[in-house]
Amino acid sequence: MSVEKIDIKFVRRSTAAIVVFAIALRIVAALVWQSQCSLHDTTLKFGDSHSYWTIASNLALEGRYQYGSDQSRIFRSPAYPLFLAPFAWSERWFSDQSAQAPFVLGARIAGCLLGGLAVWIMMRWTRSIAGTASGIFAGLLAATYCGAVGMSIFVLSEAVATPLMVLSCWMLWRSTLRNPDPDGSHFWTSQRWLATAYSAFALGLACLARPSWGLWPGLALPLVAFASNRQELFFWRNWLLQGMFFFGIMCCVMAPWWVRNYAITGKFVPSTLQVGASLYDGWHPGASGSSDENMAFSIEAMQRILREEALLANESSEVESTLEWRIDRRLHQEAWGWARENPSDALRLGLIKFQKTWWPFPTARELSNPMVVLWEAGSYLFILIMSAVGLWSLRADCRRWTEACWFIAPCVYLALLHMVFVGSVRYRQPGVLILCGLAGIGLSAAWTRFIVRAPVGPIPRAESSADRAGNGTDAVGSRAFKKS
């Protein structure tokens, strides 16, 4: 049997084993987490989890997409409640209300399967860039990273949004691969448009699960220009067409949600009517950089608006749109007004939020278990260190540095975003999961240098023709890995 066939077999088996391990680890963690919730007489520890489950229950049982009253009809984006709806429906029809736990556990296990998908994508992506060994190490890091495990099992929207975001980044990276048609005349018959369509479709769904990804194209599309072959004929024309095509697909995915929101409010609402509350949570007098989970300021804003409208009612003035929209607009205006009047405080809060998001040790009381704290901090720091090693190993080739940018860019985006909105360890997790690709490259280089004790050779060029067919491997790297 040829070396190539042996290597292909090894890649497939190792990939399958790591994905199965990732899913199994997440299922075990889900069972442990569920038992911990039971000890506290609850099935959902986080307030956000409760809101998603409530909306899913209302949707599945009564056909109403709302949280609480009919003044909370655009409270959450729809993808994750739709994902939870079958489990909420099963809870009603196959048990009484006291037996919620099995169906919540089912939702957690479904999140575990999506977590396994994210691990597979990270392995495939990293292998395309840097070979077999790097892909295997990236998969192991993604499989065992505490934050990634948590996002799969906590019944939070990241369970759906993170795999979609990883898929979108991978596909957008594929769209930058060197065009086999150097004159650019067959742009729309190359793989670029198909990869762009997949990326935009996945990002649109990710935004419908986690609206915070809505500004990602502002960083991603310039990165496409930076990473592509700018020497090809008509490059800037093609890049502009690619960006327009990307936005077109993304808008088509999100359009049903926009139409529904307009029908309710008479206004264009691209995500939810909690953006103002989220912004005010990060920018207001007395803000600490962390979230006010009770959102008491939303209730205060509603009471102020109702008092003002009661006074205006005597003048026969009509109110604008819905109460939910007016609360969101008021909080949005007050947050920006405070930031303009207190720029130094806004900057200070931004640094505090940065520290809260990227500090190794989680501080949320729900994650106060010492084992969880050590697991999160240890795996996070190890990924950061190996990422630095990965950057160092790519230093000799500018083309390889552009590959590293794809792994780093989501962390940069999340860091900037959550210097405005509140900071928390939760919000870094998708970026750190994608960073596992660069860490896998670094760990592969360290393994080759210190364990195999072989010289670290040049990293293979990205995405060979054989690898596009799904069979490409780094034969030397995989043999060294197996022999060790």
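Under this note's numbering, the first residue of the sequence shown carries the number 1, and numbering increases by one thereafter.
Every residue gets a Cβ at the ideal spot worked out from N, C-alpha and C, and that includes glycine.
Rounded to the nearest angstrom, what separates residue i and residue j at their Cα positions?
| i | j | result |
| --- | --- | --- |
| Phe485 | Ser168 | Nothing in the structure corresponds to residue 485, since the chain is present only between 1 and 484. |
| Lys9 | Leu240 | 41 Å |
| Ala462 | Val19 | Only weak support exists for where Ala462 lies, its pLDDT of 47 falling under 50; the value from the coordinates is given anyway. Taking the straight line joining both Cα atoms gives about 23 Å. |
| Trp359 | Leu177 | 35 Å |
| Leu31 | Cys252 | 38 Å |
| Ser465 | Ser128 | Per-residue confidence for Ser465 stands at a pLDDT of 35, beneath the threshold of 50, marking its modelled position as unreliable; no derived number is given. |
| Met171 | Glu403 | 13 Å |
| Gly442 | Trp125 | 15 Å |
| Thr448 | Trp392 | 14 Å |
| Ser2 | Ala133 | In this prediction, Ser2 scores a pLDDT of 40, lower than 50, which makes its location untrustworthy; no coordinate-derived value is stated. |
| Ala346 | Tyr280 | 12 Å |
| Phe235 | Phe226 | 11 Å |
| Ser379 | Ala396 | 28 Å |
| Ala310 | Ala277 | 23 Å |
| Trp173 | Ser291 | 34 Å |
| Val28 | Gln36 | 12 Å |
| Val275 | His332 | 7 Å |
| Leu349 | Thr363 | 17 Å |
| Tyr198 | Cys207 | 14 Å |
| Leu84 | Gly63 | 14 Å |
Taking 7 Å as the limit between beta carbons, can you name the residues of its chain near residue i, skipping five residues before and five after?
| i | result |
| --- | --- |
| Trp401 | Leu394 |
| Asp181 | Interpretation of Asp181 is limited by its pLDDT of 49, a score under 50 that renders its predicted location unreliable; no figure is taken from the coordinates. |
| Leu156 | Phe46, Asp48 and Ser49 |
| Leu205 | Ala79, Leu164 and Val253 |
| Met151 | Glu158, Ala159, Thr162 and Gln429 |
| Thr43 | Cys37, Gln100, Ala101 and Val104 |
With distances taken between CB atoms, is the gap from residue i to residue j smaller than 9 Å?
| i | j | result |
| --- | --- | --- |
| Arg76 | Ser51 | yes |
| Phe354 | His284 | no |
| Ala118 | Pro86 | no |
| Ser212 | Arg192 | no |
| Ile434 | Cys411 | yes |
| Met123 | Gly115 | no |
| Cys495 | Ala148 | The requested residue 495 is not part of the displayed model; the chain covers only 1 to 484. |
| Val259 | Lys356 | no |
| Ser298 | Ile327 | yes |
| Ala22 | Gly106 | no |
| Val420 | Ile383 | no |
| Leu351 | Gln71 | no |
| Ile264 | Ala200 | no |
Which whole-angstrom value is the C-beta distance of residue i and residue j, which I expect to be below 8 Å?
| i | j | result |
| --- | --- | --- |
| Ile55 | Gly111 | With 8 Å as the limit, Ile55 and Gly111 do not qualify as a contact, their Cβ atoms being about 17 Å apart. |
| Gln242 | Thr196 | 6 Å |
| Glu89 | Thr15 | The amino acid at residue 89 is misidentified as Glu; the sequence shows Trp. Between Thr15 and Trp89 the Cβ distance is about 35 Å, and since that is not below 8 Å, they are no contact. |
Which same chain residues end up closer than 8 Å to residue i when comparing Cβ atoms and leaving out the 5 residues on each side of it in sequence?
| i | result |
| --- | --- |
| Lys267 | Asn261, Ser321 and Trp325 |
| Leu219 | Ala409, Val412 and Tyr413 |
| Arg92 | Ser57, Ala60 and Leu61 |
| Arg330 | Gly276, Ala301, Arg304 and Ile305 |
| Gln34 | Thr43, Ala101, Val104, Leu105 and Arg108 |
What residues in its chain sit with their C-beta under 6 Å from that of residue i, if we drop five residues either side in the sequence?
| i | result |
| --- | --- |
| Leu438 | Ser387, Gly390, Ala404 and Phe407 |
| Ala377 | Pro360 and Phe361 |
| Pro217 | none |
| Ala209 | Ala79, Tyr80, Ser157, Val160 and Ala161 |
Could you tell me whether any Cβ in chain B is nearer than 9 Å to the Cβ of residue i?
| i | result |
| --- | --- |
| Pro211 | Although the question refers to chain B, the structure presented lacks it and comprises just one protein chain. |
Report the start-end ranges of each alpha helix (DSSP H) in the region 218-306 that is 4 residues or longer and not cut off at the edges. If we require 4 residues or more, the alpha helix (DSSP H) runs fully inside the region 218-306 come out as 235-265 and 275-282.
At what residue ranges does the region 308-358 contain a whole run of the beta strand (DSSP E), taking only runs of 3 or more? Within the region 308-358, no complete beta strand (DSSP E) run reaches 3 residues.
Which runs of the alpha helix (DSSP H) fall wholly inside the region 55-137 and span at least 4 residues, in chain order? Those alpha helix (DSSP H) runs which fall completely within the region 55-137 and span 4+ residues are 79-94 and 101-130.
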